[in-house]
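Each number in this note's numbering corresponds to the 1-based position in the sequence shown with 39 added. Heads up: the structure comes next, in structure tokens.
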Amino acid sequence: MSHINVTINGRQYRMACEEGQELRLLKLAESLETRITNLRGKFGEIGDARLTVMAALTVCDELIDANQRVQVLEQELEGLRNVRNQASDRARATQVAVAKALNAAAERIEKTTQVLNRTIGGGVAIG
40 MSHINVTING RQYRMACEEG QELRLLKLAE SLETRITNLR GKFGEIGDAR
90 LTVMAALTVC DELIDANQRV QVLEQELEGL RNVRNQASDR ARATQVAVAK
140 ALNAAAERIE KTTQVLNRTI GGGVAIG
């Protein structure tokens with residue numbers, strides 16, 4: 040477990056994180072600090088706690104929107120997978136039908152060839 044210091048709303052906090060996650064935690068704290076700074080610019084000094092809560096709420100709002108977009112995209116992806124599977128099934132059915140048609144045609148050609156061979160073979164000898 041690693042420990043790092045982050046600054047949020049002008050205050051230092053010692054945070055624990057898993058090894059290798061230090062940079063991510065620093066970026067998260069920096070993002071929150073940026074939000075607080077932007078809110079302070081819009082609303083002025085309205086209190087540290089209120090700014091922090093407002094910043095957290097904006098993050099939650101974005102997270103909810105992102106989760107909704109992910110759900111929509113997952114539904115679209117599922118629909119596309121279904122379409123792909125249906126197209127694949129149709130392609131297989133078409134391949135089977137084409138193969139059967141080719142086999143039937145080959146059988147008819149073979150029978151016609153046999154009939155012709157018998158007709159030619161039973162006909163007048165050339166010589």
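Cβ atoms here follow ideal geometry from the backbone N, Cα and C, with glycine treated the same way.
message: Quick check on M54: does DSSP put it in helix, strand or coil?
response: strand
- request: Drop a sphere of 10 angstroms on the beta-carbon of A55, count the other beta-carbons inside from all chains shown, and report buried for 16 or more, exposed for fewer.
  value: exposed
Residue from E101, E84, L78 with nearest C-alpha to M93: L78
task: Would you tell me roughly how many angstroms separate the C-alpha atoms of E149 and T158, rounded to the nearest one?
output: 14 angstroms
query: Any idea which residues DSSP pairs N44 with across the strands?
result: R53
- prompt: Around the C-beta of L96, are 16 or more other C-beta atoms found within 10 angstroms, so that it is buried, or is it exposed?
  reply: exposed
- prompt: Can you tell me the Cα-Cα spacing of S41 and N48, whole angstroms?
  reply: 22 angstroms
- request: Note down the Cα distance separating I103 from L112, rounded to an integer number of angstroms.
  value: 14 angstroms
field: Cβ neighbour criterion (16 or more within 10 Å) applied to R131
entry: exposed
field: Close Cβ partners of L65 (< 8 angstroms) along its chain, the five nearest in sequence each way excluded
entry: I43, V45
- prompt: At which residue ranges does the stretch 77-161 contain complete alpha helix (DSSP H) runs of 4 or more residues, listed in the order of the chain?
  reply: 87-161
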